[in-house]
Amino acid sequence: MILIDGKKTSSEIKNEIATRVAEIKSEGGKTPHLAAVLVGNDGASQTYVGAKVKACEEVGFKSTLVRLEETVSEAELLQVVEDINNNPDIDGLIVQLPLPKHISVDKVTNKIRPEKDVDGFTPANVGRMTLNWPAYVAATPYGIVELLKRYNIETSGKHCVVIGRSHIVGSPMSILMARNGYPGNATVTLTHSRTKNLSEITKTADILIVAIGKPEFVTGDMVKPGAVVIDVGIHRIEDSSKKSGFRLIGDVKFDEVAPLASAITPVPGGVGPMTIAALLYNTLQSAEKKVFG
Ligand code: NAP
Numbered sequence: 108m109i110l111i112d113g114k115k116t117s118s119e120i121k122n123e124i125a126t127r128v129a130e131i132k133s134e135g136g137k138t139p140h141l142a143a144v145l146v147g148n149d150g151a152s153q154t155y156v157g158a159k160v161k162a163c164e165e166v167g168f169k170s171t172l173v174r175l176e177e178t179v180s181e182a183e184l185l186q187v188v189e190d191i192n193n194n195p196d197i198d199g200l201i202v203q204l205p206l207p208k209h210i211s212v213d214k215v216t217n218k219i220r221p222e223k224d225v226d227g228f229t230p231a232n233v234g235r236m237t238l239n240w241p242a243y244v245a246a247t248p249y250g251i252v253e254l255l256k257r258y259n260i261e262t263s264g265k266h267c268v269v270i271g272r273s274h275i276v277g278s279p280m281s282i283l284m285a286r287n288g289y290p291g292n293a294t295v296t297l298t299h300s301r302t303k304n305l306s307e308i309t310k311t312a313d314i315l316i317v318a319i320g321k322p323e324f325v326t327g328d329m330v331k332p333g334a335v336v337i338d339v340g341i342h343r344i345e346d347s348s349k350k351s352g353f354r355l356i357g358d359v360k361f362d363e364v365a366p367l368a369s370a371i372t373p374v375p376g377g378v379g380p381m382t383i384a385a386l387l388y389n390t391l392q393s394a395e396k397k398v399f400g
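In the working numbering, each number is its position in the sequence shown, counted from 1, plus 107.
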């Protein structure tokens, strides 16, 4: 069984990005610049944004964090997005989700200029990805694609089962695995909460991608021996034996599934660390005008 190491792979990608940034700077080019907008004081959101800003520093990017009060109006937030859209020094813009209830996520997402949409959430980028055009692919699916590539996982002609159809993970993952390219060319089954006989379907998967958001949902009896298993889930479970008081587990019951799998991502240290690397990569692509020209 191969343990697909997302921590190691993400640090390799960050090193590659840092090398490219150093080259750009030595050639007198502009430093890539990511702007993050954070609304309110949600603890998890602050942690995620903090990690993104820190990662920018690690690879030599410039970063700008715009913090807005929980009470900011939708119009004011839209204006902040517009100002960043029009700032020629900024290459990438992310608005950390979730947003307060009085603000429409769809309106804000749609306001982001597709050329700066390094989260890959705008309709333009989702459409481009679907058409197999150059696009900013959302960070988590992009991170999974990169893991499959770097571990030389064969996907052509394989049966890929995706559990979960969210806009940010399951749905784009199913499109990417079915497209004509590598990774891709798989025969894809996209499953969700209305799917009947789920375990009969998962047992036929050569590649099983699990983004369901339920701790240790996928058990050994749901997996075909030799399958490649990608676990997207992240859950904090109380654990008094840990200094932090908790440990992280995934959507897959790792101890049961790992001995059956030919390759598997652990939690933590699998898909999670790839997300930030993917965001940095998209920002570099934007700075180098590689996606929209
Ligand atoms: P989500 O938006 O809650 O979507 C969950 C999906 O699972 C939905 O499509 C839902 O179906 C489906 N589902 C629920 N119960 C099911 C069942 N019994 N059988 C089959 N399908 C079922 O979740 P998400 O945002 O995609 O995230 C999934 C997990 O990945 C979460 O644990 C999240 O924390 C984690 N995550 C990790 C990263 C990372 O960087 N590692 C990034 C994003 C998310 P319906 O559509 O029918 O409701």
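Built from N, CA and C at the ideal position, the CB exists for glycine as well. As the structure is a prediction and not an experimental result, all values here were calculated from the model.
{"Item": "Grab the span of the beta strand (DSSP E) containing GLY320 for me, first residue to last.", "Value": "Note, GLY320: premise wrong, no beta strand (DSSP E); not H, not E."}
{"Item": "Here's the rule I'm using: 16 or more other beta-carbon atoms within 10 Å means buried, otherwise exposed. How should LEU238 be labelled?", "Value": "exposed"}
{"Item": "The ligand NAP and THR309: does any heavy atom of the ligand fall closer than 7 Å to the residue's C-beta?", "Value": "no"}
{"Item": "Closest to ASN148 by CA distance: which of SER170, THR178, LYS121 is it?", "Value": "THR178"}
{"Item": "By Cβ distance below 7 Å, which residues in the same chain neighbour ILE282 in space, the five residues on each side in sequence not counted?", "Value": "MET236, THR237"}
{"Item": "Does the structure place the region 382 to 397 close enough to the region 215 to 231 that three or more beta carbon pairs sit under 8 Å?", "Value": "yes"}
{"Item": "When a residue counts only if its C-beta is closer than 5 Å to some heavy atom of the ligand NAP, which residues count, in chain order?", "Value": "THR247, GLY271, ARG272, SER273, VAL276, HIS299, SER300, ALA318, ILE319, GLY320, VAL339, GLY340, ILE341, VAL378, GLY379, THR382"}
{"Item": "Determine which residues share a DSSP beta bridge with GLY199 and list them.", "Value": "LEU141"}
{"Item": "Starting from ARG354, trace the beta strand (DSSP E) in both directions and tell me its first and last residue.", "Value": "353 to 356"}
{"Item": "Can you tell me whether PHE228 is buried or exposed? The criterion is at least 16 other CB atoms within 10 Å of its CB, across all chains shown.", "Value": "buried"}
{"Item": "Taking the CB atoms as reference points, tell me whether PRO230 and ASN217 lie closer together than 8 Å.", "Value": "yes"}
{"Item": "Can you give, in chain order, each stretch of the alpha helix (DSSP H) that sits fully within the region 286 to 329 and has at least 4 residues?", "Value": "305 to 309"}
{"Item": "Closest Cβ-Cβ distance between LEU206 and chain C: below 8 Å?", "Value": "The structure shown contains no chain C; it holds only a single protein chain."}
{"Item": "So what does DSSP say about LYS214, is it helix, strand or coil?", "Value": "helix"}
{"Item": "Pick out whichever of HIS299, LYS360, ALA368 has its Cα sitting closest to the Cα of VAL374.", "Value": "LYS360"}
{"Item": "Using a Cβ-Cβ cutoff of less than 6 Å, which residues in the same chain neighbour LEU185 once the five nearest sequence positions on both sides are dropped?", "Value": "LYS218"}
{"Item": "Would you report the Cα separation of GLY333 and THR126, rounded to the nearest angstrom?", "Value": "37 Å"}
{"Item": "Taking 8 Å as the threshold, find out whether the region 298 to 306 comes into contact with the region 244 to 257 through three or more Cβ pairs.", "Value": "no"}
{"Item": "Select from VAL188, GLU253, ASP190, LYS214 the residue whose C-alpha is nearest the C-alpha of GLU119.", "Value": "GLU253"}
{"Item": "Using only the alpha-carbon positions, how far apart do ILE356 and ILE210 sit?", "Value": "32 Å"}
{"Item": "May I have the straight-line CA-CA distance separating VAL188 from GLY234, to the nearest angstrom?", "Value": "21 Å"}
{"Item": "Specify the secondary structure class of VAL166 as computed by DSSP and reduced to three states.", "Value": "helix"}
{"Item": "Go ahead and label THR382 buried or exposed: buried means 16 or more other beta carbons lie within 10 angstroms of its beta carbon, across all protein chains shown.", "Value": "buried"}
{"Item": "Where in the region 235 to 287 do unbroken runs of the beta strand (DSSP E), each at least 3 residues long, occur, reported from the N-terminal end onward?", "Value": "266 to 270"}
{"Item": "Considering just the uninterrupted stretch of the beta strand (DSSP E) at GLU123, what are its terminal residues?", "Value": "Note, GLU123: premise wrong, no beta strand (DSSP E); alpha helix (DSSP H) at 113 to 133."}
{"Item": "Output the boundary residues of the beta strand (DSSP E) element that contains GLY338.", "Value": "One detail in the question is off: residue 338 reads as Asp in this sequence, not Gly. Counting along the chain, the beta strand (DSSP E) containing ASP338 begins and ends at 335 to 338."}
{"Item": "Go ahead and label THR138 buried or exposed: buried means 16 or more other beta carbons lie within 10 angstroms of its beta carbon, across all protein chains shown.", "Value": "exposed"}
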